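With mature numbering (1 follows the signal peptide of the UniProt record, and there is no 0) applied, the sequence shown corresponds to residues -17 to -1, 1 to 318, in that order. Read the structure below first, then the notes.
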Amino acid sequence: MHWSSLASLALATPTAALLRFGCAQLVVERLDPLVNPGVNPSPHLHQIIGGNAFRVSMDPKIDIGETATCTTCQFSEDFSNYWTAVMFFKAKNGTVHRVPQIPNVGFEGTNAGMTVYYMQDGLANYQQTSKVTAFKPGFRMLIGEASYRTKNEAARFRQITYTCLQTPGTRFPETMNFPTKPCPAGIMANVRFPTCWDGQNLDSPDHMSHMSYPESGTFESGGPCPASHPVRVPQLMYETIWNTSAWNNKEDWPETGQPFVWSMNDTTGFGSHGDYVFGWKGDALQRAMDSPCYVNCPTLKTQSISTMNQCSVPVTVDETTDGWLPDIPGMPSGQ
Ligand SMILES: *[C@@H]1O[C@H](CO)[C@@H](O)[C@H](O)[C@H]1NC(C)=O
Ligand SMILES: *[C@@H]1O[C@H](CO)[C@@H](O)[C@H](O)[C@H]1NC(C)=O
Ligand SMILES: *[C@@H]1O[C@H](CO)[C@@H](O)[C@H](O)[C@H]1NC(C)=O
């Protein structure tokens, strides 16, 4: 369904909160303070959005909602960090080029980045009335597994998908693997996180087991949380649009299939993953989720796209990630 039809329906019934907002690029580099804290460079390249407290190590005892001084997100009280892998095009001659990111319709002018959602109910439920508990300072989570290369492995996760954009408004079908045909308006990578929290742990050794999917049904169908993870949290979702248009000519594609590859050297798409470090200031997220706001959220402070684009952190990893490269950073082809 096209977003604008959701938004216009929503205006008729502004009952509760669905946050949908753009965030510009903060930095693109090989760091992963969640999975590889202190490791510079981390194994694979990430694209990161959000607050400027992003570092190679992020102590969960430090509330980034209080220490960050700017954010690339439209809601200026959101100093969280959000990141995913980076998509590359691999040419027939073996060299690679980072695929540029573009914003969703309505967020034109945003420098790369992603669209972020916090939902109380599934996207198609315009009411958004279910109660959710906001994440707490120090909370973080990961969904997806960078090493997965098969559908059987990836089936462990729900709703880490791709939309082959025929137009910028295409929203279905979604596939678990990379699209196999050229996508005229780009490839949208969708990452939805689990929605049930154990209520105790801000993190866990695998960064996932403090979270769970509903016990039966789905978040979208209103499925209940299991007793082990009883606290219903907002569904966090990322949409990242990779502008593949420059490489949609099948003559440039390898004989073996499609030419796009994630930064962890994944040509299947099953290794897609998203990371989250909560950093909303004070009670801003809970306040928003408890308020009648649908996309436009008067309870939250906003900033202009040009201000979002100005926030960044210096690159600390000494390597080139732009232009034609012999290899994906950290992935030597061994020639
Ligand atoms: C490899 O192929 C790409 C895409 O055709 C081209 O732009 C690039 O210059 C080539 N690089 C080399 C080293 O031949
Ligand atoms: C996507 O890439 C194509 C090819 O490089 C370019 O012409 C187009 O302007 C890009 N789209 C956006 C929205 O930036
Ligand atoms: C990356 O994957 C290709 C096959 O798709 C393989 O030939 C290459 O050895 C891999 N590189 C690394 C560093 O794993």
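Cβ atoms here follow ideal geometry from the backbone N, Cα and C, with glycine treated the same way. None of the values given here were measured: they were computed from a predicted structure.
Query: Complete runs of the alpha helix (DSSP H) confined to the segment 259 to 301 [at least 4 residues]; Result: 267 to 272 and 288 to 293
Query: Backbone secondary structure at residue 234 - three-state DSSP; Result: helix
Query: Residue 85: CB within 7 Å of a non-hydrogen atom of ligand 2; Result: yes
Query: The alpha helix (DSSP H) enclosing residue 135, as first and last residue numbers; Result: 134 to 137
Query: Residues near residue 181 in its chain [Cβ-Cβ closer than 7 Å; skip 5 each side]; Result: 193, 211 and 212
Query: Distance, residue 87 Cα to residue 8 Cα; Result: 14 Å
Query: Residues near residue -7 in its chain [Cβ-Cβ closer than 6 Å; skip 5 each side]; Result: Residue confidence for residue -7 is low, a pLDDT of 44 falling below 50, so the modelled location carries little weight; the figure read from the coordinates is stated next. Within the same chain, residue -7 has no close Cβ partners at all.
Query: Interface flag, residue 52 vs chain D, CB-CB below 8 Å; Result: Looking for chain D here will not work: only one protein chain is present.
Query: Which residues DSSP lists as bridging residue 29, in chain order; Result: 12 and 68
Query: When 67, 214, 23 and 57 are compared against residue 143, the one with the closest alpha-carbon; Result: 67
Query: Sufficient close CB pairs (3 or more, under 8 Å) joining the segment 297 to 312 to the segment 75 to 95; Result: yes
Query: Residues near residue -17 by beta carbon distance below 6 Å, same chain, minus five either side; Result: Because the pLDDT of residue -17 is 38, which lies under 50, any placement of that residue in the model is unreliable, and the number read from its coordinates should be weighed accordingly. Excluding residues within five positions, the ones whose Cβ falls inside 6 Å are 154.
Query: Length of the line joining the Cα atoms of residue 3 and residue 101; Result: 7 Å
Query: Beta-carbon separation (whole angstroms), residue 127 vs residue 69, contact threshold 8 Å; Result: At roughly 14 Å, the Cβ-Cβ gap does not stay under 8 Å, so residue 127 and residue 69 are not in contact.
Query: Rounded straight-line distance, which links the Cα of residue 290 to that of residue 20; Result: 29 Å
Query: Residue 47 in three-state terms, based on DSSP; Result: helix
Query: Proximity winner among 243, 271, 230 and 152, relative to residue 89 (alpha-carbon distances); Result: 152
Query: Beta-carbon contacts of residue 17 that lie in its chain and below 7 Å, excluding the five residues immediately before and after; Result: 123, 125, 190, 258 and 260
Query: Ligand 3 heavy atom lying under 7 Å from the CB of residue 70; Result: no
Query: Cβ neighbour criterion (16 or more within 10 Å) applied to residue 275; Result: exposed
Query: Through-space distance from residue 56 to residue 238, alpha-carbon basis; Result: 40 Å
Query: Alpha-carbon spacing of residue 159 relative to residue 287, whole angstroms; Result: 34 Å
Query: Residue 195 (DSSP reduced to helix, strand or coil); Result: strand
Query: Cross-strand partners of residue 256 (DSSP beta bridge); Result: According to DSSP, which records beta bridges pairwise, residue 256 is partnered with nothing at all.
Query: Residue 352: CB within 7 Å of a non-hydrogen atom of ligand 1; Result: Outside the displayed span of the chain (-17 to 318) sits residue 352, for which this structure offers no information.
Query: Span separating the alpha-carbon of residue 226 from that of residue 119; Result: 34 Å
Query: Residue 226 beta carbon near ligand 2 (any heavy atom closer than 7 Å); Result: yes
Query: Residue 129 beta carbon less than 8 Å from that of residue 29; Result: no
Query: Exposed unless 16 or more other CB atoms sit within 10 angstroms - verdict on residue 94; Result: buried
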